[in-house]
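First residue of the sequence shown? That's 0 in numbering that gives the first Met the number 0, and the numbers climb one at a time after it. One structure below.
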Amino acid sequence: MLRRAASILAISALVLLVAGMGISAQADVIVIGEIAALTGPTAQQGLQERNGAVLAVEEINAAGGVLGKQIKLITYDFKGQPAEGVSVYRKLVQQDKAVVIVGTNFSNVNLAMAPVAEQLKVPVLSNAMEPAVTTPEPGKVNKYHFLAQPSSIEQGAIVARYALDELKFKTAACLVNKGNSFATSQAEAFRDYFNANGGKVLDYIEVPAGAVDFKAQLTKIKASNPDCIYIPQYAQEAGLQVKQARELGITAVVLGANTLGVPPFVEAAGSNAIVAGTYFINNVHFGDPRLADFMARYEKRYGEPVITTNVFFGYDNVYIIKAAIEKAGVAEPEAIRTALENTKDVKILQGAGTITLDPNTHRPVDMPAWIFKWEADGTTVPMTLMYP
0 MLRRAASILA
10 ISALVLLVAG
20 MGISAQADVI
30 VIGEIAALTG
40 PTAQQGLQER
50 NGAVLAVEEI
60 NAAGGVLGKQ
70 IKLITYDFKG
80 QPAEGVSVYR
90 KLVQQDKAVV
100 IVGTNFSNVN
110 LAMAPVAEQL
120 KVPVLSNAME
130 PAVTTPEPGK
140 VNKYHFLAQP
150 SSIEQGAIVA
160 RYALDELKFK
170 TAACLVNKGN
180 SFATSQAEAF
190 RDYFNANGGK
200 VLDYIEVPAG
210 AVDFKAQLTK
220 IKASNPDCIY
230 IPQYAQEAGL
240 QVKQARELGI
250 TAVVLGANTL
260 GVPPFVEAAG
270 SNAIVAGTYF
280 INNVHFGDPR
290 LADFMARYEK
300 RYGEPVITTN
310 VFFGYDNVYI
320 IKAAIEKAGV
330 AEPEAIRTAL
340 ENTKDVKILQ
350 GAGTITLDPN
360 THRPVDMPAW
370 IFKWEADGTT
380 VPMTLMYP
């Protein structure tokens, strides 16, 4: 009996020792989860977003880490599906013990993740622009979701203001993927601002998710003859819409979202000549001298240039989280959440170089964005930096 008791005590001590070793090993690192589009039609953006996050983690770890600990970044592909986004969020929190999550930049995915984050109480810093991701209804905020770029309402209104004030357009049409909250929220903001400030949206036409033939809708727009068409879709869909518009002889100027500044947009449209004259909003001016050193570091690290804004999403989000952990003084989800809520003047690469989050909306305060124009030679020209 004594020998058996001694054996039980020995086994118990061993279990505690192993558990303690596990806790100690985990305590040596801070696990940050990332959810990105690594496959599918937006894989180029997602892979560069991951690259940006990895580069930030490498820099931080090389400089000593955060609170004396190294960061461990774990990235999962959400495969373009909201349900998969929820699944990998759970995996990062429950299996990998991530204390904070970065991603995604897909509003539909984060809308699905938001209630789960409220349950599991591990904060998410995303670039999903739909306001309902952070504020599901007026006066209510999702405590565990934060946005690190101008919201879709702000971006849609900025494009509308540019169309009215700078391009002097009087009439517009909107072509909108009704199955994509990224598109609908921006289009509604564009329409409302344009109509309220002296312009007139002649057509607001919704197309079903997954559609590839837009000629019927574009024919109606052609009959209205607007000065411009606003198409806040993802790159490939927007490219197809521009191509078909030009095939129908529509000459209206095209305006779009921050998804139009990437090669897949031009490829889907068919040529540089077809997209020439298209205006789009973007968070970053790649030619900004302030970014030259980063652009060189990125190209040296990966052997390819920065092509998409998503690089900056990944990079900036990691540094925003670093600042939050340092502010919190501890790498625990609730403390990080509180610190994120009080983010103020944190240095980033996007916009004007800093970000402050509004604790009442969990969205940036007065974060500006650039308006760009596609030229026939395949280059994009910055037109102006605009504040919400």
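Don't be surprised by glycine CBs; every beta carbon is placed ideally from N, CA and C. In this text, all values refer to a predicted model and were calculated from it rather than measured experimentally.
Check	Outcome
Presumed contact (8 Å Cβ cut-off) between Glu340 and Pro358, rounded CB distance	5 Å
Straight-line Cα distance separating Asp376 from Ala272	8 Å
3-residue-minimum beta strand (DSSP E) runs that sit fully inside the region 153 to 178, ordered along the chain	170 to 176
Nearest-angstrom Cα separation, counted from Met128 out to Leu66	31 Å
Start-to-end residues for the alpha helix (DSSP H) that takes in Ile324	309 to 327
Complete alpha helix (DSSP H) runs within the region 25 to 102 (minimum length 4 residues, chain order)	42 to 61, 81 to 89
Contact under 8 Å by Cβ, Lys242 with Glu205	no
Sequence-distant residues of its chain with Cβ nearer than 7 Å to Ala323 (five each side left out)	Ile335, Ala338, Leu339, Thr342
Cut-off 6 Å between Cβ atoms - residues of its own chain near Gly32, not counting five sequence neighbours on either side	Ile73, Leu91, Ala97, Ile100
Cβ contact check for the region 105 to 112 and the region 123 to 139: 3 or more pairs under 8 Å	yes
Gln185 classed as buried or exposed, judged by whether at least 16 other C-beta atoms fall within 10 angstroms	buried
Within 8 Å, strictly: CB atoms of Val252 and Tyr278	yes
Same chain, Cβ closer than 8 Å to Gly328, five either side skipped, listed in chain order	Leu66, Ala334
Residue closest to Leu174, alpha-carbon to alpha-carbon, out of Thr41, Pro81, Leu348, Phe189	Phe189
Distance between beta carbons of Phe105 and Val123, contact taken as under 8 Å	Val123 to Phe105, Cβ: 12 Å. No contact.
DSSP beta-bridge partners of Thr383	Ile370
Phe263, DSSP secondary structure in three states	Looking at the sequence shown, residue 263 is not Phe but Pro. Note: Pro263 maps to helix in three-state DSSP.
Alpha-carbon spacing of Ile347 relative to Tyr318, whole angstroms	7 Å
Where Tyr143 falls, given that 16 or more other Cβ within 10 Å makes a residue buried	buried
Helix, strand or coil at Val345 [DSSP, three-state]	strand
For Ser270, the nearest candidate out of Val158, Leu54, Ile230, Thr378 (CA to CA)	Thr378
Alpha helix (DSSP H) segment containing Lys214, residue limits	214 to 223
Cβ-Cβ distance between Ile392 and Val28 below 8 Å	The structure shown does not extend to residue 392, since the chain spans only 0 to 387, so no value can be given for it.
Residue interval of the alpha helix (DSSP H) (run including Glu117)	106 to 119
Alpha-carbon to alpha-carbon, Gln94 and Ala268	43 Å
Top-ranked residue by Cα proximity to Lys326, from Val310, Tyr314, Val345, Asn196	Val345
Ordered list of beta strand (DSSP E) runs contained in the region 227 to 251, each at least 3 residues	227 to 230
Ala171 beta carbon less than 8 Å from that of Ala162	yes
Close Cβ partners of Pro40 (< 6 Å) along its chain, the five nearest in sequence each way excluded	Gln235
Contact belief for Val211 with Leu239 at Cβ below 8 Å, rounded distance in angstroms	6 Å
Which listed residue (Glu153, Ala55, Val56, Arg245) has its alpha carbon closest to that of Val274	Arg245
Whole-angstrom C-beta distance between Gly313 and Asn50, which should lie under 8 Å	7 Å
When Gly198, Asp191, Phe77, His361 are compared against Asp138, the one with the closest alpha-carbon	For the sequence presented, residue 138 should be read as Gly rather than Asp. Taking only the C-alpha atoms, the option nearest Gly138 is His361.
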